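Worksheet: the structure to be examined is printed underneath.
Chains as they are written, first to last, in my numbering: chain S, 555 to 815; chain Y, 7 to 156.
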């Protein structure tokens, strides 16, 4: 997608926005799978709400990403429905199957805690429209963090079974969190132009929040130095993304002329 | 209904063996959350044989939700919902009753903490007011001097 030699600030901006958007879209799609299947009516609503928030965030980011695209006439629909998996740059963390409720909760917690610090640090970027978006979305991210953190503690400090399930979920998810702090020349250029943030700055804070939450939930903290998956920012994905995309895209692709109105 | 005293803020759910649960007992809801495969025919949630508990009668405690439309206004009853604890009730209330900007503040109250008058109270409580219209300020005509001033 982008090479060091030809990386312009427009391409970097577009790539940066698409990465953010793809994460939120794919996670939102995964969480939306709970709609109508939630463990409790209220939790069903909460999850559907969070999924909608995330998809809403991605939609705004896609729309803005178009402005940095050469063609300049790409709708969010194009990015969502008419790209194939190598073109998606979302984290593998987001595309893993929804799993059980403990898995969904643990993943949402890890993602939204990272998201929270990222958005907080993006508050002072140069680009006005991007900044406005971030400021608006941060409020919702805070709520996602609060909700998922609360449930991690409830499940961890709950029954033996709930404790075991959330511990297993965390252990399984652990190798996917290394990518959260992945940074390449795109990030460097964005930091340089004042529209990005160096994620390593808040790595310590994030780690502290995660450790403190898991400790409160009486959970064991997996090994920070274990093997970590990488590559998704370059379009390398697990088998799960293809299946997700097939389900998400087939209707739109088979009715190309369909109109939302 | 078996519930812990409301003033004890304890982290939910309580840690205890599942087979000791009886009546309305929190940990079973956790089971609901984790083994959410409804039975093929009955549509009920099953525990896949891990415990002998029948969870179909188990529900989270009920909470009444009061929302404030704008700062300074009274909190009005919006409805009720189920939640495992106070924080959960607040979060659920936010999702159920305020996602279209209906509120700036939310109260949640455990439903079983509300003391209500019963239908039998209607006579002694409310009937006597029927023939006492003079208790309304509108019953009195305002003196001309007062009217002028306003």
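All C-beta atoms in this analysis are idealised placements derived from N, C-alpha and C, irrespective of residue type, glycine included.
Remember, predicted model here, so these are calculated numbers, not experimental data.
The DSSP assignment places complete beta strand (DSSP E) segments of no fewer than 3 residues inside the segment 68-146 of chain Y at 68-74, 81-88 and 111-116, in order along the chain. Spanning the alpha carbons of residue 68/Y and residue 584/S requires a straight line of approximately 30 Å. The closest CA to that of residue 110/Y, considering only 150/Y, 72/Y, 155/Y and 149/Y, is found on 72/Y. Beta-carbon to beta-carbon, residue 733/S and residue 786/S are separated by about 6 Å, close enough to satisfy the 8 Å threshold. With a cut-off of 8 Å on Cβ pairs, the segment 569-583 of chain S is in contact with the segment 606-626 of chain S, counting three or more such pairs. For residue 607/S, no Cβ of chain Y is located within less than 8 Å of the residue's own Cβ. If you check each beta-carbon in the segment 92-120 of chain Y against every beta-carbon of chain S, the ones closer than 8 Å belong to 93, 94, 97, 98, 100, 101, 102 and 105.
The beta carbon of residue 688/S lies closer than 8 Å to those of 673, 676, 677 and 679 in the same chain, with the five residues before and after it left out. Considering only beta carbons, the part of the segment 715-737 of chain S lying closer than 7 Å to chain Y consists of 715, 716 and 719, in chain order.
Counting along the chain, no alpha helix (DSSP H) covers residue 149/Y, and no H or E run does either. Counting of Cβ neighbours within 10 angstroms places residue 107/Y among the exposed residues, the total staying below 16. For residue 122/Y, same chain residues with a beta-carbon under 7 Å away, outside a window of 5 residues either side, do not exist. For residue 645/S, there is no enclosing alpha helix (DSSP H), as DSSP marks it with neither H nor E. Taking 8 Å as the upper bound for CB-CB distance, residue 608/S and residue 582/S are in contact here, some 3 Å apart. Secondary structure at residue 760/S: helix, using DSSP grouped into helix, strand and coil. In the DSSP assignment, residue 701/S falls within the unbroken alpha helix (DSSP H) covering 682-710. Taking 8 Å as the CB threshold, residue 675/S stays off the interface with chain Y.
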